[in-house]
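Colleague: In this note's numbering, the protein residues as written are 433 to 567.
Cβ atoms here follow ideal geometry from the backbone N, Cα and C, with glycine treated the same way.
Input: one structure, supplied below.
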């Protein structure tokens, strides 16, 4: 038999719960933005931990910010349940964080160590803010 991993069809927590309850998946390929962000991704990570199902922590494409999110989340998954993390860094020219970009060293993605996601984009890189909340 061959294991069945659900990837693009796992768009939200309900799809993951449904697949788990029906017993139709041996694992998952999760994408942070497809699931709706880090909070929802941590929820499905926890569901997989409860059911001992392996999964990945990926996203289709993105720069340093999404790569850092994927890598930080992957670092919280029990190693025997972690199917891997994929980042697009090797295929993208330039970085949001010129000083300490998310990098691959000797086949492993280095988890950024700065506060938050560990990425500090250059001020003004994204242009004028659409909205600002707080002081």
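Identify the continuous alpha helix (DSSP H) that holds residue 444 and give its terminal residues.
Modeller: Counting from 1 along the chain shown, the entry for residue 444 is found at position 12. Taken as a continuous stretch (DSSP letters only), residue 444 belongs to no alpha helix (DSSP H), as it is neither H nor E.
Colleague: Pick from 483, 560, 489: whose alpha carbon is nearest that of residue 474?
Modeller: For this step, residue 474 is matched to residue 42 along the chain shown. Minimum Cα distance to residue 474 is reached at 489.
Colleague: Is the closest heavy atom of the ligand ADP to the C-beta of residue 459 under 8 Å?
Modeller: Annotation note on the ligand ADP: not contained in the displayed structure, which lists no ligands.
Colleague: For the pair the segment 497-515 and the segment 456-472, tell me if three or more CB-CB distances fall below 8 Å.
Modeller: yes
Colleague: Starting from residue 517 and walking both ways along the alpha helix (DSSP H), at which residues does that stretch end?
Modeller: Your numbering for residue 517 matches position 85 in the chain shown. Not the alpha helix (DSSP H): residue 517 falls in the beta strand (DSSP E), residues 514-518.
Colleague: Can you tell me where the alpha helix (DSSP H) holding residue 487 begins and where it ends?
Modeller: Within the chain shown, the letter at position 55 stands for residue 487. Note, residue 487: premise wrong, no alpha helix (DSSP H); beta strand (DSSP E) at 487-490.
Colleague: Taking 9 Å as the threshold (C-beta atoms), are residue 502 and residue 491 in contact?
Modeller: Translated into positions along the chain shown, residue 491 becomes position 59. Translated into positions along the chain shown, residue 502 becomes position 70. Yes, they are a contact pair.
Colleague: Determine the burial state of residue 558: buried for a count of at least 16 other Cβ atoms within 10 Å of its Cβ, exposed for fewer.
Modeller: Taking the chain shown and counting its residues from 1, one reaches residue 558 at position 126. Under this definition residue 558 is an exposed residue.
Colleague: Could you compute how far the alpha carbon of residue 404 sits from the alpha carbon of residue 552?
Modeller: Nothing about residue 404 can be reported from this structure: the residues present for the chain run from 433 to 567 only.
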